[in-house]
Amino acid sequence: MDVSGLDDDSIRLMIGFLQEDIQALKDSDKEKYAQGNVPDWKLALDAFESELASLESHLADRSMTTSIARAVATDGNLAQMEQPAETQTEQLAETQTTASDIYSCSGHATPAQVEEATGSGPLMNGAEDELIRKLQALYNGYPEEEDEPDEAGPSSGAVNRPKQTNLQSTVICSCCGDARVFYDVARCPCDHEYCRDCLGQLFEASIGDESLFPPRCCKRPIPIEENQIFLPYDLVRRLKTKKIEFETPNRTYCYDPACSAFIPIQSIKIDVGSCANCARTTCTICKQQSHTGDCPQDPAVEEFRRIAAENKWQRCSSCQRFIELDFGCNHITCICGAEFCYVCGVLWKTCGCDTWDEDQLLNRAAVVVDRDILDGVFIVEDEAARAQHVREAADYLVQNHECQHERWRGIGGRFRCEECSHWLDQFIYQCRQCRIRACRRCRFNRL
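Numbering (the numbering used here), first residue to last: -11 to 435.
Here it is as structure tokens:
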């Protein structure tokens, strides 16, 4: 729903009228339809009511942040005016002294260096004050009251008060490397900072790629609620909807390939899910069109299972997706979060299977050794020497396979990411412990 051209009061009024209409329709519903066969208009009404509730919540958040910005601007100015003239003079002297120290070191200083050294005064300390400064800058469009003329002339506090500067500090985005105004940059729990564009791209990518969900940096999730001010309303709404989908085990999707919409638990009755998008019904057991009696055999599904068995692919018991092990140990962590054994498929550490497949291990060790030979790490004179290096590399991988990917080095050149298979033209990261090579997106946001 596009409400960009309306003011807040008009949006609230519109939401109120629509909610009254929805309630009136619900009150008039006699629910004279078969169980599990919800009519299209009822599903559409529920979806529309949910969207209105989300819009109402977003409007309340925006009102709150605007109120905080006004309060900070008003209270901060009053607190500064009430400070004794001597205190303000001392603070100004300290700022000048710090700035002079910067100039004495190099002969010149940039505004960013002065900003970093002097800070923003006693009213702006810590992460909370940083967020308030961003809110104040983001919502600085409210009308400011003009100063009333003072017949007695300017006060001594006004004379001694330092003039406000319009210089806005900048921050380097950890993702794209561009310098952005500080209030256009979000700080992640790991202290990496993302500009509005890069943060939006990461959150957008996490909707279509479950391996990136929840959006995270350095394995630490980036809270959606705390970063709503940097994201478009529609993106936030879709993220919250996707969160429900990705957190649902054994999901059911509409059987129609042209639709394939997720069917939430609330729309499932007696093993039959009703699609809110196309109104078709799906069996939650066989994931095909709803039916009576036992689930029919699907030839295409049976053929796929045969191919999976031939290639020794394993199936996740939580989300039912098939997984192929390319390299590494038999400890599988599915993108849905489930951990299981690749050999037998049961919960990890509850079976007696080997941690490694010997052929997989030696193949991976050979890849690592051949890369090192190509990069000139060492010289191999004959096949026997290469086989010795492969054996040593295999032993190293066994000892270091439980890796948290904390130490990396950059390698220049054209390489392919071993995690997402994308080709990179300039450089790639290599983990110093397990030797996996990954692009920037995988290193910071996927692994």
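All residues carry an ideal CB built from backbone N, CA and C; glycine is no exception.
Annotated as proximal: residue 360 and residue 366, with beta-carbon spacing under 8 Å.
Taking 8 Å as the cut-off, the Cβ atoms of residue 236 and residue 253 count as close. At the C-beta level, residue 164 and residue 183 come within 8 Å of one another.
Contact between residue 419 and residue 391 holds: CB atoms are separated by about 6 Å, below the 8 Å threshold. Here the stretch 25 to 39 lies against the stretch 262 to 271, with 3 or more beta-carbon pairs under 8 Å apart. The secondary-structure analysis by DSSP pairs residue 319 across a beta bridge with 329.
Scanning the stretch 191 to 236 from its first residue to its last, the whole alpha helix (DSSP H) runs of 4-plus residues come out as 221 to 234. Following the DSSP letters along the chain, one finds residue 431 in no beta strand (DSSP E), marked with neither H nor E.
Under the three-state reduction of DSSP, residue 260 is assigned to strand.
Under DSSP, residue 411 forms a beta bridge with 404.
Per DSSP, residue 369 lies in no beta strand (DSSP E) segment and is marked neither H nor E. For the pair residue 434 and residue 227, the CB atoms are not nearer than the 8 Å cut-off.
By the Cβ rule, the stretch 324 to 337 counts as touching the stretch 286 to 306, because three or more pairs are nearer than 8 Å. Residue environment analysis places residue 175 among the buried positions, since at least 16 neighbouring C-beta atoms fall within 10 angstroms of its C-beta.
Within its own chain, the residues whose Cβ lies closer than 8 Å to the Cβ of residue 276, once the five positions on either side in sequence are excluded, are 243, 270, 283, 284, 286, listed in chain order.
Minimum Cα-Cα distance from residue 180 among the listed residues 159, 194, 197, 191 corresponds to 159. Remark: C-beta atoms of residue 215 and residue 190 do not approach each other more closely than 8 Å.
Taking the C-beta atoms as reference points, residue 348 is found no nearer than 8 Å to residue 385. Rounded to whole angstroms, the Cβ separation of residue 280 and residue 256 is 17 Å, and the two are not in contact under 8 Å. Counted as a single uninterrupted DSSP element, the stretch harbouring residue 361 is not any beta strand (DSSP E) but the alpha helix (DSSP H) occupying residues 346 to 362. Residue 278 and residue 225 have their C-alpha atoms some 30 Å from each other. Leaving aside the five residues that flank residue 415 on each side, the residues in its chain whose CB is nearer than 8 Å to its CB run, in chain order, 398, 399, 400, 401, 403. With fewer than 16 other Cβ atoms from the protein chains shown falling within 10 Å of its own Cβ, residue 363 counts as exposed.
Counted as a single uninterrupted DSSP element, the alpha helix (DSSP H) harbouring residue 289 occupies residues 287 to 298. Look at residue 1 here: in three-state DSSP terms it is helix.
In this structure, DSSP gives residue 29 a helical state, which the three-state scheme calls helix.
For the set 173, 425, 37, 319, the Cα lying nearest the Cα of residue 393 is the one of 425. Secondary-structure assignment with DSSP links residue 384 through no beta bridge to anything.
Rounded to the nearest whole angstrom, the CA to CA distance from residue 42 to residue 322 is 31 Å. Nearest to residue 372 by alpha-carbon distance, out of 389, 354, 388, is 354. Counting along the chain, residue 324 sits inside no beta strand (DSSP E), nor does DSSP assign it H or E at all. The shortest C-alpha to C-alpha distance from residue 413 to any of 423, 35, 427 is the one to 427. Distance between residue 208 and residue 376, taken at the CA atoms: about 39 Å.
Beta-carbon to beta-carbon, residue 47 and residue 10 are separated by about 17 Å, too far to satisfy the 8 Å threshold. Within the DSSP secondary-structure output, residue 181 pairs in a beta bridge with 175.
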